[in-house]
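To start, the structure itself, in structure tokens.
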Amino acid sequence: MSPPSSKTKAKFSQALSEAEHITRHNQDPFQVRIENFIGYTQVPVGLAGPLFIRTLDGAGQEICAPLATTEAALIASCCRGCKAANACGGVQYTTGDEGMSRGPSFELHTPSDAFKFVQALPELEDPLAKVAESTSKHLCLKSLTPHVIGSFVHILFNYTCGDAAGHNMVTIATERACAWVLKTVAGEYNIKNFYIEGQMASEKKASWGNVKTARGLEVTAWTSISDPVCRRVLGCSSEHLYEILQMGQEACIRNGQHGNNIDVANVLAAAFIATGQDAASITDASWSHLTPEYDRESERVTLSLYFPSLPVGVVGGGTRYATQQEALRIMRCDGAGKKRQLAGFIAAFALALEVSTAASVVNNTFAQSHERLARRTAENGARSRL
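In this text, residue positions in the sequence shown follow the working numbering: the first is 1, and each later residue adds one.
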């Protein structure tokens, strides 16, 4: 890239003169991996929890989650949901499918050429995998899914990426594989060119594609809450909580909403920022499905929250920075082999917030809690700190 012009430097100098707080830091600029680095925007971080979280085999541990947010009432509500879940055995989770995709597009001369190229893909898959996987020891090509659109062949490359989320990893690998195609078999199949992304990978976009195929980790978290706990902690009956969630589910259908949840994006955004995930990738995870079930005999409401795509990692990207490393340590998700655990923990805290927010709608305290906590005085604010 060319160096900035004198006019650009002047604009930067002017901006810096107005950025006293942003520039107040002691970080070595050469350790920061963004361009035109000038400093930091500090986002308040609060602790949610503790939440007792169990895996499918029954093993569990109490976890606190650092959440970076400017929204009052969010962490208090999440903590209330944690308290209700803990009183009934905590939250359980399981992870399923995993993948990270890149969707290049190949331009051919005619639709006939496009279909001939697609027919040859099974024979090309092994060499393509070898080329792609040569770029990283953590990467493994899972599948190639072609789509012919006119004279273009869009191929969804789907990978696993070890403990990384893998956004950049799959881009580098796919570019290398596509370049091999252009160099090796372009003449045989009349391939004119390729483009590294043809918009079928749904990166940082909400799509049905991210519901059908995991872009990140597939995760489900669930909890079952008794009527006495609902009344004591949440201020409503378990039956009323279930009825309101059912009502909301019907409204989501009528409104054509993408998924069914109340406010999971709050926890996703706050946890992503705190732990160094790509914050824009909460759009990949924006489809989630909250399912309420009510047992009239036991008067228990069971709530499960399903994410088909939760793109997170515990190495690489923003997880390298010291602040984000601390957040991962607090969540006991730092180090090798903790990626699935991080996804499960984030889903569990998102469910805790869903429980509490739904209850605040039932007992009509949603507006009051925001008004009370967002507009509290400095004296009251000091009392609320840990």
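Idealized CB from N, CA, C, for every residue including glycine.
Keep in mind it's a predicted model, so treat the numbers as computed, not measured.
query                                                                                          : result
As assigned by DSSP and simplified to three states, the class of D163                          : coil
Rounded Cβ spacing between A173 and A206 (contact assumed at less than 8 angstroms)            : About 25 angstroms; that fails the 8 angstroms criterion.
Beta bridge counterpart(s) of L154 as assigned by DSSP                                         : The question names Leu, yet the displayed sequence has His at residue 154. According to DSSP, which records beta bridges pairwise, H154 is partnered with S105, H147.
Backbone secondary structure at L400 - three-state DSSP                                        : In this structure the chain extends from 1 to 386, so residue 400 is not present and cannot be described.
H240, DSSP secondary structure in three states                                                 : helix
With 16 other Cβ atoms within 10 Å as the buried cut-off, status of M200                       : buried
Residue from T41, E18, L74 with nearest C-alpha to I262                                        : L74
L67 - partner residues in DSSP beta bridges                                                    : G46
Enclosing alpha helix (DSSP H) for K116 [first to last residue]                                : 111–133
The stretch 336–346 / the stretch 85–98 touching (three or more Cβ pairs under 8 angstroms)    : yes
Same chain, Cβ closer than 7 angstroms to E18, five either side skipped, listed in chain order : none
Q61 versus A285: straight-line alpha-carbon distance, rounded                                  : 25 angstroms
Whole-angstrom C-beta distance between G162 and H138, which should lie under 8 angstroms       : 3 angstroms
CB contact flag (K338, V312, <8 angstroms)                                                     : no
Test item: CB-CB of L156 and L121 under 8 angstroms                                            : no
The stretch 269–283 in contact with the stretch 229–242 per 3-pair CB rule at 8 angstroms      : no
Nearest residue (CA-CA) to D113, options L16, T365, L268, N190                                 : N190
Cβ-based burial, G256 [other Cβ within 10 Å; buried from 16]                                   : exposed
Cβ pair L241, V301 closer than 8 angstroms                                                     : yes
8 angstroms Cβ cutoff met for Y40 and G99                                                      : no
Residue closest to T135, alpha-carbon to alpha-carbon, out of R102, G276, E175                 : E175
Span of the alpha helix (DSSP H) around T357                                                   : 339–362
First through last residue of the alpha helix (DSSP H) which encompasses I75                   : 74–86
Among P228, N266, L245, the one whose alpha carbon lies nearest that of V362                   : L245
Supposed close pair A68, A270 - CB separation, criterion 8 angstroms                           : 5 angstroms
Residue nearest to W208 in terms of C-alpha spacing, selected from H258, T357, M169            : H258
Boundaries of the beta strand (DSSP E) in which Y294 is found, first to last residue           : 289–295
Bridge-paired residues (DSSP) for L305                                                         : A221, L290
Beta bridge counterpart(s) of E98 as assigned by DSSP                                          : L217
Cβ-Cβ distance between A48 and C79 below 8 angstroms                                           : yes
Selection from F37, H21, D28, E107 that minimises the alpha carbon distance to F12             : F37
Neighbour-count burial assignment, H109, 16 or more Cβ in a 10 Å radius                        : exposed
Secondary structure of N190, DSSP reduced to three states                                      : coil
Reduced DSSP category for N26 - H, G, I as helix; E, B as strand; rest coil                    : coil
Spatial distance of A59 from F52 (CA atoms)                                                    : 10 angstroms
Where V229 sits in the DSSP three-state scheme                                                 : helix
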